[in-house]
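Residue numbers (our numbering), protein chains in the order written: chain S, -13 to 205; chain R, 110 to 124.
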């Protein structure tokens, strides 16, 4: 219930108007949205029980490692049942396959639709979505870890909450199924990071400082 | 740490 309460209100995209190039405009709009979502995500992380008790080094490691996974849980959740198999980055930023291809994000589109279909088939509840998002951050296999015991306790707390929630619904296999979906999320996030790094390096798409810093941490 | 100064600053801010 704490995670449900601290779940941030979805952001709206601010349409970029610095260029006449339509696909570049879409990209710049998306990158601006991502940068603002990152800011919100960092504030959200601090509110997850146990996160602020971690050392600053470990907080940084977990975020640098798990930020894209946590953001993509939101995109995949919003994209469920979207008409035309669109990716719903924001209520006012929905990209279909053709738009993603035109902006150089065909690979990201395919990976994210796959993740969205997986979540849709699992019929996730809002409780499961917020827990999955927090677990993606906690389970990021960040290295080096400053205080492994504290990170472990942070992970255990989330795992316990998930198990308690699922046992209250008398769903004995759900917790395991959710955990088994984490590798696909990791894989999807890796492809997303590569896609944005490619855009930046090969097409010189300018990125905001925070987004660039977080992408660099993964490069 | 210098490389990740924005994240560092954001985490140090109280809210």
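A virtual CB, placed ideally from N, CA and C, is assigned to each residue, including glycine.
Rounded C-alpha distance that separates residue i from residue j
| i | j | result |
| --- | --- | --- |
| residue 81(S) | residue 66(S) | 13 Å |
| residue 127(S) | residue 144(S) | 15 Å |
| residue 69(S) | residue 198(S) | 32 Å |
| residue 204(S) | residue 121(R) | 21 Å |
| residue 74(S) | residue 158(S) | 31 Å |
| residue 50(S) | residue 200(S) | 6 Å |
| residue 154(S) | residue 107(S) | 21 Å |
| residue 48(S) | residue -13(S) | 23 Å |
| residue 94(S) | residue 139(S) | 33 Å |
| residue 166(S) | residue 110(S) | 14 Å |
| residue 113(S) | residue 118(R) | 31 Å |
| residue 141(S) | residue 162(S) | 15 Å |
| residue 63(S) | residue 195(S) | 27 Å |
| residue 178(S) | residue 151(S) | 31 Å |
| residue 61(S) | residue 112(R) | 28 Å |
| residue 46(S) | residue 124(S) | 12 Å |
| residue 78(S) | residue 160(S) | 33 Å |
| residue 110(R) | residue 202(S) | Residue confidence for residue 110(R) is low, a pLDDT of 48 falling below 50, so the modelled location carries little weight; the figure read from the coordinates is stated next. If I take the Cα positions, the gap works out to 13 Å. |
| residue 21(S) | residue 193(S) | 8 Å |
| residue 83(S) | residue 72(S) | 7 Å |
| residue 38(S) | residue 85(S) | 39 Å |
| residue 98(S) | residue 156(S) | 30 Å |
| residue 114(R) | residue 24(S) | 15 Å |
| residue -9(S) | residue 116(R) | 24 Å |
| residue 168(S) | residue 33(S) | 22 Å |
| residue 186(S) | residue 149(S) | 41 Å |
| residue 0(S) | residue 35(S) | 31 Å |
Start and end residues, alpha helix (DSSP H) containing residue i
| i | result |
| --- | --- |
| residue -7(S) | Run containing residue -7(S): none; DSSP gives neither H nor E here. |
| residue 122(S) | 112 to 124 |
| residue 121(R) | 114 to 121 |
Distance between beta carbons of residue j and residue i, contact taken as under 8 Å
| i | j | result |
| --- | --- | --- |
| residue 56(S) | residue 147(S) | No, residue 56(S) and residue 147(S) are not in contact; Cβ-Cβ is about 16 Å, not under 8 Å. |
| residue 2(S) | residue 18(S) | 6 Å |
| residue 104(S) | residue 59(S) | Contact flag wrong, Cβ pair sits at about 11 Å. |
| residue 116(S) | residue 40(S) | Going by Cβ atoms, the distance from residue 116(S) to residue 40(S) rounds to 19 Å, so no, they are not a contact pair. |
| residue 53(S) | residue 27(S) | 6 Å |
| residue 191(S) | residue 13(S) | 6 Å |
C-beta neighbour in chain A for residue i, strict 9 Å
| i | result |
| --- | --- |
| residue 202(S) | Among the chains of the structure shown, chain A does not appear; the protein chains present are S and R. |
Report the residue ranges of all alpha helix (DSSP H) runs contained in full by the stretch 141 to 198 of chain S; include only those spanning at least 4 residues, in chain order.
Counting whole runs of 4 or more residues, the stretch 141 to 198 of chain S contains the alpha helix (DSSP H) stretches 160 to 166, 168 to 188.
Does the stretch 160 to 173 of chain S come into contact with the stretch -13 to -4 of chain S, if we say contact requires no fewer than three beta-carbon pairs (one atom in each stretch) closer than 8 Å?
Segments in contact, no.
List, from N- to C-terminal side, the beta strand (DSSP E) runs of 3 residues or more that fit wholly inside the stretch 28 to 105 of chain S.
The stretch 28 to 105 of chain S is shown to contain whole beta strand (DSSP E) runs of 3 or more residues at 73 to 76, 79 to 81, in chain order.
Please confirm if the stretch 88 to 103 of chain S is in contact with the stretch 6 to 22 of chain S, defined as three or more CB-CB distances below 8 Å between the two stretches.
Verdict: yes, contact present.
For the stretch 129 to 142 of chain S and the stretch 180 to 190 of chain S, state whether three or more C-beta atom pairs, one from each stretch, are separated by less than 8 Å.
Touching, no.
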